[in-house]
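Visitor: Can you keep this structure in mind? I'll have questions shortly.
In the working numbering, the protein residues as written are 558 to 933.
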């Protein structure tokens, strides 16, 4: 084997994608010392996205003090590589930053806009924005305000909307933010398909984990619906039913309306950004994985996204996973060659989780031993 690519999703709660890459770099020399090993950490847009791209792209970490979800100063980091900036909204508006203060009616995405503004003012013309893990439900209005969009109430007074005041928006002026972003391309990593409002929308589906009870969820939903009506009135945009519009408290819709962004599958955006197609040149094997492979793994997740690119080039794709569930065999139809679980004994998750790193190392080593024996 002359070249192998390891590009695995994390095993949620037990093994990070960065840890998997590190294990691969330790294991390969013992079996294939002359193999060109390419390790590419994967992120889906949520917390940890920037850390993955810092390694995958050998990018520069840029630290900025911005507004947190409740206006408190937080230190956020984005990754910069040439004119590209990779930003995760969780670093400025994430649920972990909220701590015990979970209130989507007052939380803001303003700090996300500050990160984008900083990157643009430093010369970045390509923004990759990861959605996920937010504490907010402001439809991206806070982010837009930080970039220059003006929101006015019925009295003509300018204000920065939050989840609880979306219903007060009477008029939106995006002239300044359009000028700022005129030559900037914004790609948004979004892996949920929830609409902006309604029973499957941002407020009702994601609001409870952010601290909303039923009454608050109803108010938040009404606010998002009102925001959509003003977007129609002032910008000619109807986004309420667009798949992904409800991501991150309506940030999906806000990214389109205020940033001119394009919503893309997280794995597709990652693969394009790390130039995966070029990385495949000369590859004899690709090793991927995730915490659990099942019927959902063929629905646009990491393994299916990678398989779509390896299959046309007849490059073997092997998945090392935490567990194998019902329907996993559907991945073979996409181009997966084989799958192996790291579970080496009949144990509960609580028992096996602390052993995940060692079990992954042993499973990878067994796979490499087999390949080496077949090549002998």
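Where is the CB? At the ideal position from N, CA and C, for every residue including glycine.
1) Can you check the stretch 687 to 715 for any alpha helix (DSSP H) of at least 4 residues that lies completely inside it and give the ranges in chain order?
2) For residue 732, name the three-state secondary structure that DSSP assigns.
3) Look at the Cβ atom of residue 661, then the Cβ atom of residue 768, and state whether they are nearer than 9 Å.
4) Identify whether residue 630 lies in helix, strand or coil by the three-state DSSP scheme.
5) Beta-carbon within less than 7 Å of residue 608's beta-carbon, same chain only, minus the 5 sequence neighbours each way: which residues are those?
6) So which of 643, 627, 891 and 849 has the shortest CA-CA distance to residue 867?
7) Since residue 826 contacts residue 744 with CB under 8 Å, what's their CB separation in whole angstroms?
8) With respect to the alpha helix (DSSP H) encompassing residue 816, which residues constitute its N-terminal and C-terminal limits?
9) Given residue 928, which residues of its chain have a CB within under 7 Å of its CB, disregarding the five upstream and five downstream residues?
10) When burial is assigned at 16 or more other CB atoms within 10 Å of the CB, is residue 889 buried or exposed?
11) Answer yes or no: do residue 673 and residue 642 have a C-beta to C-beta separation smaller than 9 Å?
12) Closest to residue 777 by CA distance: which of 762, 689 and 911 is it?
13) Tell me the start and end of each unbroken beta strand (DSSP E) in the stretch 883 to 911 that is at least 3 residues and wholly inside, in chain order.
14) Rounding to the nearest angstrom, what Cα-Cα distance links residue 619 and residue 692 in this structure?
15) With DSSP as the reference, label residue 614 as helix, strand or coil.
16) Note down, one range per segment and in chain order, each beta strand (DSSP E) of at least 3 residues found wholly within the stretch 636 to 675.
17) Checking 9 Å against the spacing of the C-beta atoms, do residue 780 and residue 723 come in under that value?
18) Taking the straight line between their C-alpha atoms, what separation do you get for residue 598 and residue 919?
19) Count the other C-beta atoms from every protein chain shown that fall within 10 angstroms of the C-beta of residue 858, then say buried if there are 16 or more, exposed otherwise.
20) What's the gap between the Cα of residue 680 and the Cα of residue 644?
21) Would you mind reading off the limits of the alpha helix (DSSP H) that contains residue 860?
22) Using the three-state DSSP reduction, which class does residue 854 fall into: helix, strand or coil?
23) Thinking C-alpha only, which one of 636, 635, 637 and 629 is nearest residue 667?
24) For residue 925 versus residue 587, is the C-beta spacing smaller than 9 Å?
25) From the DSSP output, read off the bridge partner residues of residue 846.
26) Is it buried or exposed for residue 567, if we count other Cβ within 10 angstroms and need 16 for buried?
27) Pull the bridge partners of residue 560 from the DSSP assignment, please.
28) Between residue 831 and residue 614, which are expected to be in contact by the criterion C-beta below 8 Å, what is the C-beta distance as a whole number of angstroms?
29) Compare the Cα-Cα distances from residue 677 to each of 816, 718 and 864 and report the closest residue.
Guide: In short:
1) 698 to 703
2) If you number the chain shown from 1, residue 732 lands on position 175. DSSP places residue 732 in the helix class (H, G or I) of the three-state scheme.
3) Here the question's residue 661 lines up with position 104 in the chain shown. Here the question's residue 768 lines up with position 211 in the chain shown. Yes, these two residues count as a Cβ contact at 9 Å.
4) Translated into positions along the chain shown, residue 630 becomes position 73. Three-state result, residue 630: strand.
5) On the chain shown, residue 608 is found 51 positions in, with the first residue counted as 1. Contacts found: 575.
6) Taking the chain shown and counting its residues from 1, one reaches residue 867 at position 310. The shortest Cα separation from residue 867 among 643, 627, 891 and 849 belongs to 891.
7) Numbered from its first residue, the chain shown carries residue 826 at position 269. Numbered from its first residue, the chain shown carries residue 744 at position 187. Contact holds; Cβ gap of about 6 Å.
8) To locate residue 816, count along the chain shown from 1; it is residue 259. Where residue 816 is concerned, the enclosing alpha helix (DSSP H) stretches over 804 to 816.
9) The residue labelled residue 928 in the question sits at position 371 within the chain shown. So the list reads 558, once near-sequence residues are dropped.
10) For the purposes of this step, residue 889 is taken as the residue at position 332 of the chain shown. Residue 889 comes out exposed.
11) To locate residue 673, count along the chain shown from 1; it is residue 116. To locate residue 642, count along the chain shown from 1; it is residue 85. It is a contact, given that the beta carbons lie within the stated cut-off.
12) Counted from its first residue, the chain shown places residue 777 at position 220. The shortest Cα separation from residue 777 among 762, 689 and 911 belongs to 762.
13) 895 to 898
14) Against the chain shown, residue 619 aligns to sequence position 62. Against the chain shown, residue 692 aligns to sequence position 135. Rounded to the nearest angstrom, the two C-alpha atoms are 23 Å apart.
15) Residue 614 sits at position 57 when you count from the first residue of the chain shown. Coil, per DSSP.
16) 641 to 645
17) Locating residue 780 in the chain shown gives position 223, where the first residue counts as 1. Locating residue 723 in the chain shown gives position 166, where the first residue counts as 1. Taking 9 Å as the Cβ cut-off, residue 780 and residue 723 qualify as a contacting pair.
18) Taking the chain shown and counting its residues from 1, one reaches residue 598 at position 41. Taking the chain shown and counting its residues from 1, one reaches residue 919 at position 362. Roughly 20 Å separates the two Cα atoms.
19) Against the chain shown, residue 858 aligns to sequence position 301. Buried, because 16 or more other Cβ atoms sit within 10 Å of the Cβ of residue 858.
20) Walking along the chain shown from the start, residue 680 turns up at place 123. Walking along the chain shown from the start, residue 644 turns up at place 87. Cα to Cα, residue 680 sits roughly 15 Å from residue 644.
21) As a first step, residue 860 is located in the chain shown; it is residue number 303 there, counting from the start. Start and end: 859 to 867.
22) Mapped onto the chain shown, residue 854 falls at position 297. Three-state DSSP puts residue 854 in a helix.
23) Position 110 of the chain shown holds residue 667. For residue 667, the nearest C-alpha among the options comes from 629.
24) The residue labelled residue 925 in the question sits at position 368 within the chain shown. The residue labelled residue 587 in the question sits at position 30 within the chain shown. Contact: yes.
25) Start at 1 with the first residue of the chain shown, and residue 846 comes out as number 289. Per DSSP, none; premise fails for residue 846.
26) In the chain shown, the residue the question calls residue 567 occupies position 10. Buried: at least 16 other Cβ atoms inside 10 Å.
27) Taking the chain shown and counting its residues from 1, the one referred to as residue 560 is at position 3. BP columns for residue 560 point to 593.
28) One-based indexing of the chain shown puts residue 831 at position 274. One-based indexing of the chain shown puts residue 614 at position 57. Residue 831 to residue 614, Cβ: 7 Å. Contact.
29) Within the chain shown, the letter at position 120 stands for residue 677. Checked all of 816, 718 and 864; the closest Cα to residue 677 is 816.
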